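Reviewing the structure listed below.
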Amino acid sequence: MGDITIPIKTYPYTRKYETKNITKFKYIHYGDIHTGKAKKINEPSKLPSITKGNYSTLRNGDVVVADASEDYKGIADAAILLSTGAFSIIAGLHTIAFRPNRKLVFPMFIYYNLQTSRFKHYGYHVGTGLKVFGISSNLFFDYSAFYPSLIEQQEISKLIESLENLLSLQQRKLKQLNLLQRYIKEKTLPSQKELPKLRFLTTPYNTYKFSELFKKSTKKNDGQILQNHVISVASMRWGKLPKSSSEAYMKTYFIFNKGDIAYEGNRSKSYSFGRFVANDLGNGIVSHVFSVFNSKINFNLEFLKNYINSEQVMRDPLRMSTSRTTMMTNLVLKDIAKQTLMIPSKDEQDLLGSLYKITQSMIELNKKQQQELIYLKKYLLQKLFI
1 MGDITIPIKT YPYTRKYETK NITKFKYIHY GDIHTGKAKK INEPSKLPSI TKGNYSTLRN
61 GDVVVADASE DYKGIADAAI LLSTGAFSII AGLHTIAFRP NRKLVFPMFI YYNLQTSRFK
121 HYGYHVGTGL KVFGISSNLF FDYSAFYPSL IEQQEISKLI ESLENLLSLQ QRKLKQLNLL
181 QRYIKEKTLP SQKELPKLRF LTTPYNTYKF SELFKKSTKK NDGQILQNHV ISVASMRWGK
241 LPKSSSEAYM KTYFIFNKGD IAYEGNRSKS YSFGRFVAND LGNGIVSHVF SVFNSKINFN
301 LEFLKNYINS EQVMRDPLRM STSRTTMMTN LVLKDIAKQT LMIPSKDEQD LLGSLYKITQ
361 SMIELNKKQQ QELIYLKKYL LQKLFI
């Protein structure tokens, strides 16, 4: 690395050197590299401002790497300056900065080379530290790699960059789809005794007590359901019992069939009083710490899954029927039984369930496409850089 680059002076500037004043001076902090705020920098106005000074400034094409990380995977995470704009920019705390020799190497090619597993393994072997993992500038510039012709470097860089642009597009699409899903649920589900803003049908909603819709289940596992049918309520996925679990302990688990709901008492920003989760996975068992309920009426399962899990719908009923402990909330059965819920007709449930399923399918497809692009980029970085 030292044969094809020129080291650039860095400055041990911490966050305390930042200013809200308009100074036209910016800096790259190693923390911003790790968080992604500083990666391919073509909008330098977004970088933190610092006070004016007589600095050795960066140019377009310069690369800045973080020389400290909490783990080896983040060691020497890199940023490349694609535009300085009208700003004077310096490399700040815990960074190594260099200027590629453009007669020998294309700057973007080095930037992508520093993302390869080969380089990360090198950083792991030469890095030092326990709580904070670091690499010295001498060892960083000792790293060796093979470089093809400049033309091939440019073509490889363009290929990876095109892939990153596709990935960025998928990420934006996923963000928009999540916003759309949230908007749809917000407008099609009732809130605090108010009907939804968006309706498919004009048939009235009916009001039921919780006890008219659901019955507390006390059915325990008789030992016939095996360990591979344990359900993780939080993620609604198949889980596993600890290997040390005895047959007697498995019999303390509740039967949790498809279409049942279970109360999970962990509080979070999204769920102030815990939440209900509907089983759309399959017949299985759950820990005795969960309260399981069987449905008394014929719900559309896709509708029920979204309805019963909605903070908008269930916040008030759960607020009136839970008690708090240090870390969790406990469901008070006699109180939840008295809470009222507004339920649409089965026909409208079917329409809403289809809408929720379509939007979720779009999100899952987008996630899959995004993951495939991530795998493809990783594959290309492994095969095109040696």
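Numbering follows the UniProt record's numbering, with no gaps: position 221 of the sequence shown is 221. Ideal Cβ placement from N, Cα and C applies to all residues, glycine included. Because the structure is a prediction, the values reported are computed rather than measured.
Is it the case that the Cβ atoms of residue 317 and residue 210 are separated by a distance below 9 Å?
Sequence index remark: in the sequence shown, residue 317 carries index 317 (1-based). Sequence index remark: in the sequence shown, residue 210 carries index 210 (1-based). In contact: residue 317 and residue 210 (Cβ atoms closer than 9 Å).
My output table needs one value for residue 31: the three-state DSSP class, helix, strand or coil.
The residue labelled residue 31 in the question sits at position 31 within the sequence shown. Three-state result, residue 31: helix.
Which complete beta strand (DSSP E) runs does the segment 303–362 hold, if anything under 3 residues is left out?
322–324, 329–331, 340–343
What residues are listed by DSSP as bridge partners for residue 128?
As a working note, residue 128 is residue 128 in the sequence shown. Residue 128 is bridged to 134.
Going straight from the alpha carbon of residue 298 to that of residue 346, what length do you get?
In the sequence shown, counting from the first residue as 1, residue 298 sits at position 298. In the sequence shown, counting from the first residue as 1, residue 346 sits at position 346. About 8 Å.
Assign residue 188 to one of three DSSP states: helix, strand, or coil.
Along the sequence shown, one-based indexing puts residue 188 at 188. Of the three classes helix, strand and coil, the one that applies to residue 188 here is helix, per DSSP.
Based on Cα-Cα distance, which residue from 270, 282, 263 lies nearest to residue 289?
What you label residue 289 is simply residue 289 of the sequence shown in a count that begins at 1. The residue with the shortest Cα to Cα distance from residue 289 is 263.
If we ignore side chains and look at the alpha-carbon of each, how far apart do residue 336 and residue 368 end up?
Translated into the one-based positions of the sequence shown, residue 336 becomes position 336. Translated into the one-based positions of the sequence shown, residue 368 becomes position 368. Cα-Cα distance, rounded: 39 Å.
Would you list, in sequence order, the uninterrupted beta strand (DSSP E) runs of no fewer than 3 residues that lie entirely inside the segment 190–274?
Whole beta strand (DSSP E) segments, 3+ residues: 206–209, 214–216, 230–232, 237–239, 254–256, 261–264.
Span separating the alpha-carbon of residue 201 from that of residue 351
Locating residue 201 in the sequence shown gives position 201, where the first residue counts as 1. Locating residue 351 in the sequence shown gives position 351, where the first residue counts as 1. Cα to Cα, the separation comes out at about 9 Å.
Unbroken stretches of the alpha helix (DSSP H), 4 residues or longer, contained in the segment 25–112
30–35, all fully within the segment 25–112.
Do residue 208 and residue 344 have their beta-carbon atoms positioned less than 9 Å apart in this structure?
What you label residue 344 is simply residue 344 of the sequence shown in a count that begins at 1. What you label residue 208 is simply residue 208 of the sequence shown in a count that begins at 1. In this structure, residue 208 does not lie closer than 9 Å to residue 344 by Cβ.
Nonlocal neighbours in the same chain, by C-beta distance under 7 Å from residue 111, ignoring five residues either side
Taking the first residue of the sequence shown as 1, we reach residue 111 at position 111. Excluding residues within five positions, the ones whose Cβ falls inside 7 Å are 63, 78, 80.
Using the Cα positions of residue 3 and residue 240, report the straight-line distance between them to the nearest angstrom.
Working through the sequence shown from its first residue, we reach residue 3 at position 3. Working through the sequence shown from its first residue, we reach residue 240 at position 240. Roughly 53 Å separates the two Cα atoms.
What residue from 104, 238, 341 has the CA that sits closest to residue 147's CA?
The residue labelled residue 147 in the question sits at position 147 within the sequence shown. Here the closest residue by C-alpha is 104.
Tell whether a beta-carbon distance below 9 Å holds between residue 84 and residue 58.
Translated into the one-based positions of the sequence shown, residue 84 becomes position 84. Translated into the one-based positions of the sequence shown, residue 58 becomes position 58. Yes, they are a contact pair.
What whole-angstrom Cβ distance do residue 217 and residue 254 have, given they're in contact under 8 Å?
Here residue 217 refers to the residue found at position 217 when the sequence shown is read from its first residue. Here residue 254 refers to the residue found at position 254 when the sequence shown is read from its first residue. Rounded, the Cβ-Cβ distance is 6 Å, consistent with contact.
Whole angstroms are fine: how far does the CA of residue 188 sit from the CA of residue 176?
Start at 1 with the first residue of the sequence shown, and residue 176 comes out as number 176. Start at 1 with the first residue of the sequence shown, and residue 188 comes out as number 188. Whole-angstrom Cα-Cα distance: 18 Å.
Do residue 143 and residue 92 have their C-beta atoms closer together than 9 Å?
Walking along the sequence shown from the start, residue 143 turns up at place 143. Walking along the sequence shown from the start, residue 92 turns up at place 92. Taking 9 Å as the Cβ cut-off, residue 143 and residue 92 do not qualify as a contacting pair.
Would you kindly check if the distance between the Cβ of residue 68 and the Cβ of residue 123 is under 9 Å?
Taking the sequence shown and counting its residues from 1, the one referred to as residue 123 is at position 123. Taking the sequence shown and counting its residues from 1, the one referred to as residue 68 is at position 68. No; because the gap between Cβ atoms is not below 9 Å, this pair is not in contact.
Who are the Cβ neighbours of residue 311 in its own chain at under 8 Å, not counting the five residues just before and after it?
Reading the sequence shown from its first residue, position 311 is the one you call residue 311. Closer than 8 Å at Cβ, skipping near neighbours: 270, 271, 272, 275.
Would you mind giving the Cβ-Cβ distance between residue 281 and residue 231, rounded to the nearest angstrom? I have them listed as a contact below 8 Å.
Residue mapping note: residue 281 aligns to position 281 of the sequence shown, counting from 1. Residue mapping note: residue 231 aligns to position 231 of the sequence shown, counting from 1. Right, the Cβ-Cβ distance comes to about 6 Å (below 8 Å), so this counts as a contact.
Kindly indicate the opening and closing residues of the beta strand (DSSP E) around residue 293.
Mapped onto the sequence shown, residue 293 falls at position 293. Element bounds for residue 293: 291–295.
Looking at the secondary structure, which residues open and close the beta strand (DSSP E) in which residue 2 lies?
Position 2 of the sequence shown holds residue 2. Residue 2 -> no beta strand (DSSP E), and no H or E assigned at all.
State the Cα-Cα distance for the pair residue 394 and residue 222, rounded to the nearest angstrom.
The structure shown has nothing for residue 394, since the chain only spans 1 to 386.
To the nearest angstrom, report how far apart residue 162 and residue 375 are at their CA atoms.
Taking the sequence shown and counting its residues from 1, one reaches residue 162 at position 162. Taking the sequence shown and counting its residues from 1, one reaches residue 375 at position 375. Each residue's alpha carbon lies about 14 Å from the other.
Would you kindly check if the distance between the Cβ of residue 137 and the Cβ of residue 96 is under 9 Å?
Against the sequence shown, residue 96 aligns to sequence position 96. Against the sequence shown, residue 137 aligns to sequence position 137. Between residue 96 and residue 137, the C-beta gap is smaller than 9 Å, which places the two residues in contact.
Could you tell me whether the Cβ atoms of residue 330 and residue 265 are closer together than 9 Å?
To locate residue 330, count along the sequence shown from 1; it is residue 330. To locate residue 265, count along the sequence shown from 1; it is residue 265. Yes; because the gap between Cβ atoms is below 9 Å, this pair is in contact.
Neighbour-count burial assignment, residue 260, 16 or more Cβ in a 10 Å radius:
One-based indexing of the sequence shown puts residue 260 at position 260. When all chains shown are included, residue 260 counts as buried.
How is residue 123 classed by DSSP in three states: helix, strand or coil?
The count along the sequence shown starts at 1 and reaches residue 123 at position 123. Reduced to three states, the DSSP call for residue 123 is helix.
Give the secondary structure of residue 141 by DSSP, where H, G and I count as helix, E and B as strand, and everything else as coil.
Within the sequence shown, the letter at position 141 stands for residue 141. Here residue 141 carries a helix assignment [DSSP, helix/strand/coil].
Put residue 156 into one of helix, strand or coil per three-state DSSP.
Reading the sequence shown from its first residue, position 156 is the one you call residue 156. Reduced to three states, the DSSP call for residue 156 is helix.
Between the alpha carbons of residue 25 and residue 38, how many angstroms are there, rounded?
In the sequence shown, residue 25 corresponds to position 25, counting from 1. In the sequence shown, residue 38 corresponds to position 38, counting from 1. Those two C-alpha atoms are separated by around 15 Å.
If we ignore side chains and look at the alpha-carbon of each, how far apart do residue 6 and residue 141 end up?
As a first step, residue 6 is located in the sequence shown; it is residue number 6 there, counting from the start. As a first step, residue 141 is located in the sequence shown; it is residue number 141 there, counting from the start. The alpha-carbon atoms of residue 6 and residue 141 are separated by roughly 10 Å.
Closest by CA to residue 12, which one among 360, 27, 20?
To locate residue 12, count along the sequence shown from 1; it is residue 12. Put simply, of 360, 27, 20 the residue whose alpha carbon is nearest the alpha carbon of residue 12 is 27.
The beta strand (DSSP E) enclosing residue 386, as first and last residue numbers:
Your numbering for residue 386 matches position 386 in the sequence shown. It is not in any beta strand (DSSP E) - residue 386 carries neither H nor E in the DSSP assignment.
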